[in-house]
Ligand SMILES: Cc1cc2nc3c(=O)[nH]c(=O)nc-3n(C[C@H](O)[C@H](O)[C@H](O)COP(=O)(O)O)c2cc1C
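Right, here's the structure in full:
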């Protein structure tokens, strides 16, 4: 098993996968590990909905059709519309670095960038997708708990040699996901995680996102 700090350091979002099947047992073990995540007063707000095979394909087709038609997204948790400047700058760096990894011009005619965007709705070709949800009557703190759960899940996937990418884009159409997977209207669909064995030859998987320097965000007192 991978050493803990190596696991954290080498995890990345994978956006291309081999067709290899991911077993239900493996996914269950990964969810069991993530289930040890901390939560506010141990409320454990997370629910997961995992789809593979024909159900995943049918769902992807519906989501992609809506995205291709530019159907406005209506996410259960509104997407952010603006960020403080430093954060907006980091998002732009991410966008251009990712485009460059694919030899795309982020400021070009937009066609290839759009294909890249639409790939979100095919779950980047992953053999399986997992949605993280929580009760509608949530506390904002529950979103924090879902983040902790998702990070545990992503690290456990990586430790198992699997790859995943957390995605907001597919949950822009939560009603479709609820309907296709028979999820109650009382459950919010907060995030998608596309999962599979990473295709290490794919150019996009060689992209490594950057991080701000620790001395720009750690504030020390009394040392
Ligand atoms: C809440 C959240 C939403 C995200 N949404 C998307 C998305 O819709 N599509 C996508 O390709 N990546 C998405 N990502 C992945 C981020 O772009 C990625 O985590 C970030 O650039 C850092 O890169 P890394 O995960 O490779 O370290 C999302 C990540 C998070 C945490």
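In the numbering used here, the protein residues as written are 3 to 225. Backbone N, C-alpha and C fix where the C-beta goes; we use that ideal spot for every residue, glycine too.
In DSSP terms, what residue i is bridged to
i	result
residue 189	137
residue 145	The partner list for residue 145 (beta bridge, DSSP) is empty, contrary to what the question assumes.
residue 53	131
Contact set for residue i: own chain, Cβ-Cβ below 7 Å, skip 5 residues either direction
i	result
residue 137	47, 188, 189
residue 103	205, 206, 208, 209
residue 143	42
residue 108	97, 98, 101, 115
CB of residue i within 9 Å of CB of residue j, strictly
i	j	result
residue 149	residue 14	no
residue 196	residue 128	yes
residue 33	residue 155	yes
residue 175	residue 76	yes
residue 133	residue 193	yes
residue 158	residue 44	no
Check: residue i C-beta below 8 Å from any heavy atom of ligand 3
i	result
residue 39	This structure lacks ligand 3; its bound ligands are ligand 1.
Residues of its chain near residue i, where Cβ-Cβ distance is below 8 Å and the 5 sequence neighbours each way are ignored
i	result
residue 122	69, 169, 171, 172
residue 106	114, 115, 118
residue 214	92
residue 183	51, 53, 57, 61, 133
residue 130	24, 29, 52, 53, 54, 58, 196, 197, 198
Distance, residue j Cα to residue i Cα
i	j	result
residue 35	residue 161	11 Å
residue 167	residue 17	7 Å
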